[in-house]
Amino acid sequence: MSLADAPTFLFAFVLMLGVLIFVHELGHFLVAKLFDVHVLKFSLGFGPAIGFGRWRLAFRRGETEYVAAWFPLGGFVKMLGENPDEEETPAALADPGRAFNRKPVWQRLLILVAGPAMNLLLPVVIFVGVLAVGFPQRDAVVGAVETGSPAEAAGLQAGDRITSIDGAPVQRWNEIDDALRARPGEARVLEVERDGVLRRVELTPQPRSGLDLFGATTEVGWAGLGHARPAAVVVIGDAHSPAAGTGLKSGDQVVSVAGEPVEDWYQWAERYAAQPLGSVVALEIERRGAESEAEPAVLSIDVPAVGDVERFGVLPATVLIAQVTPDAPAARAGLQAGDLIVGVDGAAVGSFATFSELVRSGGGQPVEIEYSRAGSSYRATMKPELHEVDEVGIPEERYVIGIIARLSLAPGVMATERHLNPFDSVPIAVTQTADLTRTFLEGLRRIVTGQISRKQLAGPIGIAEIAHSAFERGWLSYIQTLVLISINLGVLNLLPIPVLDGGQALLVMIEGVKRSPVSLRTREIAQQIGVTVLVALMGLAFWNDLSRKWSGFIDWLRQSAGL
Numbered sequence: 000m001s002l003a004d005a006p007t008f009l010f011a012f013v014l015m016l017g018v019l020i021f022v023h024e025l026g027h028f029l030v031a032k033l034f035d036v037h038v039l040k041f042s043l044g045f046g047p048a049i050g051f052g053r054w055r056l057a058f059r060r061g062e063t064e065y066v067a068a069w070f071p072l073g074g075f076v077k078m079l080g081e082n083p084d085e086e087e088t089p090a091a092l093a094d095p096g097r098a099f100n101r102k103p104v105w106q107r108l109l110i111l112v113a114g115p116a117m118n119l120l121l122p123v124v125i126f127v128g129v130l131a132v133g134f135p136q137r138d139a140v141v142g143a144v145e146t147g148s149p150a151e152a153a154g155l156q157a158g159d160r161i162t163s164i165d166g167a168p169v170q171r172w173n174e175i176d177d178a179l180r181a182r183p184g185e186a187r188v189l190e191v192e193r194d195g196v197l198r199r200v201e202l203t204p205q206p207r208s209g210l211d212l213f214g215a216t217t218e219v220g221w222a223g224l225g226h227a228r229p230a231a232v233v234v235i236g237d238a239h240s241p242a243a244g245t246g247l248k249s250g251d252q253v254v255s256v257a258g259e260p261v262e263d264w265y266q267w268a269e270r271y272a273a274q275p276l277g278s279v280v281a282l283e284i285e286r287r288g289a290e291s292e293a294e295p296a297v298l299s300i301d302v303p304a305v306g307d308v309e310r311f312g313v314l315p316a317t318v319l320i321a322q323v324t325p326d327a328p329a330a331r332a333g334l335q336a337g338d339l340i341v342g343v344d345g346a347a348v349g350s351f352a353t354f355s356e357l358v359r360s361g362g363g364q365p366v367e368i369e370y371s372r373a374g375s376s377y378r379a380t381m382k383p384e385l386h387e388v389d390e391v392g393i394p395e396e397r398y399v400i401g402i403i404a405r406l407s408l409a410p411g412v413m414a415t416e417r418h419l420n421p422f423d424s425v426p427i428a429v430t431q432t433a434d435l436t437r438t439f440l441e442g443l444r445r446i447v448t449g450q451i452s453r454k455q456l457a458g459p460i461g462i463a464e465i466a467h468s469a470f471e472r473g474w475l476s477y478i479q480t481l482v483l484i485s486i487n488l489g490v491l492n493l494l495p496i497p498v499l500d501g502g503q504a505l506l507v508m509i510e511g512v513k514r515s516p517v518s519l520r521t522r523e524i525a526q527q528i529g530v531t532v533l534v535a536l537m538g539l540a541f542w543n544d545l546s547r548k549w550s551g552f553i554d555w556l557r558q559s560a561g562l
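So, in structure tokens, the structure goes:
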């Protein structure tokens, strides 16, 4: 992050944290007021109130003081009688019936769980709002069919709309992807719409090594279907083909044929094949130099019309290597920029997503890469290396071979999902929130059992980076991130750790069972245990944040010192 990014970095972080803390504390506050508990203070943040000179971001309304404090990592609602040492305060003596600890057990429990409940309710409200406005979803339309895949064998084509799987209606692409991956080797019946005609297609996803939602290796079903369309990026398949002598280069993207624009590979192939045999066809292409160049050069090239793109001698750039990392496994095995990867361990590869998943799910075992160079086929064996990738503030260890592929995808068909009727939107919102909550709980279980690295825990710095990254990607991504962190906050606060809401609720339930207050000594011990656990977790999260930045800090010091 540069100094110029600091204002948006802080704004994204403080806004997200402020909303989450406000909603959480508002839950405690509203339910406390509902049960006529004397609320002394409502604070966003800790420490003194934000202010300069005589001006302070604090005010009193009725019996409650409202404060926005300097340290934003939390907040609190202070209630009369919440702590035993407040029993003899003037306020407690004046109105003892309104003290928190004098309320029935069920009321105290509701007050305590109201904060986390609000964090779990917030995603439902957000989802209902987003559904009312409308948001883009990947439509259930096939964008690409990989060569040699079960989908190709079943006769599926780009542009087909899948309307149901085994009789269950589907509307979004993720429903198709999830259904086919979930049952490898099992025949599925798809209802497909093509040119206005419905047909039934039987498709059996091939069992393959893949990754689950948490990056763990598992067996998945591979159908060879993609939502994104292959872009019209060409690879010269044969050094002696008609294409080789025209000035075209592997990695060029065709943007028009005879003056007609093309949007993807299929459109380019169709328009080229429609040209009269023997004629000269004017192609407009975009050519990139370095992969990092923002604006490609636009060139015009005349090529002969010889029938179709196969006779012409070009292939789609499914996994075209744009750059090879020096001294990486791919470089040591002899792969070069311009090579086209077509297989991994004998399994066909028709997209970068398929290639990446096969390599990453191999557990670091040597892989045999089949690739094409100037029309000739080659094989090379290499051992992927484990590298830490940090894209949005949380590191992920991945097995890589050290290549950067040429981006060669065009967006698939999108549809706007919109539901104004709350009888439609609320059930969808509740289901989405429940699914995300289950996913978080499973991730938490895997962290506790060691199946997921503790490095996945993020502290304030990591959360700030996640918020900033989401903010830069757009409002929808920012809201999605807000929803995820809100669910995390709600679930974690329900854990039975003293100091957290769940731990306090546990003490109240014990009081209800034994029909007498928990002793002050017991409370102190519980508080000490809770603080210890919380400090340990926060320390681990802070350490993860700082360790991720340590190497960058060292590099900065070396550059500053001229080393």
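Numbering-wise (numbering that gives the first Met the number 0), the sequence shown opens with residue 0 and increments by one. All C-beta atoms in this analysis are idealised placements derived from N, C-alpha and C, irrespective of residue type, glycine included.
Determine whether the beta carbon atoms of residue i and residue j lie at a separation below 9 Å.
| i | j | result |
| --- | --- | --- |
| residue 201 | residue 222 | no |
| residue 41 | residue 64 | yes |
| residue 159 | residue 141 | yes |
| residue 411 | residue 172 | yes |
| residue 125 | residue 74 | no |
| residue 108 | residue 507 | yes |
| residue 287 | residue 298 | no |
| residue 170 | residue 464 | no |
| residue 304 | residue 279 | yes |
| residue 477 | residue 78 | no |
| residue 359 | residue 210 | yes |
| residue 261 | residue 250 | no |
| residue 130 | residue 515 | no |
| residue 70 | residue 52 | no |
Out of the options, state which residue places its alpha-carbon closest to the alpha-carbon of residue i.
| i | options | result |
| --- | --- | --- |
| residue 397 | 250, 387, 406 and 351 | 387 |
| residue 218 | 206, 27 and 414 | 206 |
| residue 314 | 139, 350, 120 and 297 | 350 |
| residue 240 | 46, 181 and 308 | 308 |
| residue 504 | 55, 46, 100 and 59 | 100 |
| residue 450 | 162, 191, 212 and 190 | 212 |
| residue 565 | 5, 28 and 367 | No information on residue 565 is available, as it lies outside the stretch 0 to 562 that the chain covers here. |
I'd like the list of long-range same chain contacts for residue i, defined as Cβ closer than 6 Å, with 5 residues on each side in sequence excluded.
| i | result |
| --- | --- |
| residue 66 | 42, 48 and 57 |
| residue 237 | 312 and 374 |
| residue 17 | none |
| residue 489 | 115, 118 and 119 |
| residue 258 | none |
Given residue i, which residues of its chain have a CB within under 7 Å of its CB, disregarding the five upstream and five downstream residues?
| i | result |
| --- | --- |
| residue 245 | 300 and 302 |
| residue 328 | 381, 382, 383, 384, 400 and 401 |
| residue 336 | 320, 321, 322 and 323 |
| residue 430 | none |
| residue 214 | 395 |
If you run the structure through DSSP and keep just helix, strand and coil, what is residue i?
| i | result |
| --- | --- |
| residue 107 | helix |
| residue 185 | coil |
| residue 269 | helix |
| residue 71 | strand |
| residue 503 | helix |
| residue 412 | coil |
| residue 386 | strand |
| residue 53 | coil |
| residue 280 | strand |
| residue 76 | strand |
| residue 180 | helix |
| residue 123 | helix |
| residue 40 | strand |
| residue 550 | Residue confidence for residue 550 is low, a pLDDT of 47 falling below 50, so the modelled location carries little weight and cannot support an answer. |
| residue 465 | helix |
| residue 160 | strand |
| residue 113 | helix |
| residue 509 | helix |
| residue 401 | coil |
| residue 35 | coil |
Is it right to say residue i is buried, meaning 16 or more other beta carbons lie within 10 angstroms of its own, or is it exposed?
| i | result |
| --- | --- |
| residue 105 | exposed |
| residue 470 | buried |
| residue 557 | Low confidence applies to residue 557: its pLDDT is 43, below 50, so where it sits in the model is not reliable enough to give any reading. |
| residue 10 | exposed |
| residue 228 | buried |
| residue 422 | exposed |
| residue 512 | exposed |
| residue 475 | exposed |
| residue 435 | buried |
| residue 500 | buried |
Can you list, in chain order, the residues of its chain with a C-beta nearer than 8 Å to that of residue i? Leave out the 5 residues immediately preceding and following it.
| i | result |
| --- | --- |
| residue 318 | 339, 340, 341, 348, 350, 351, 354 and 404 |
Compute the minimum distance between the beta carbon of residue i and the heavy atoms of the ligand GDP, and state whether it is under 8 Å.
| i | result |
| --- | --- |
| residue 40 | You won't find the ligand GDP in this model; it holds no ligand whatsoever. |
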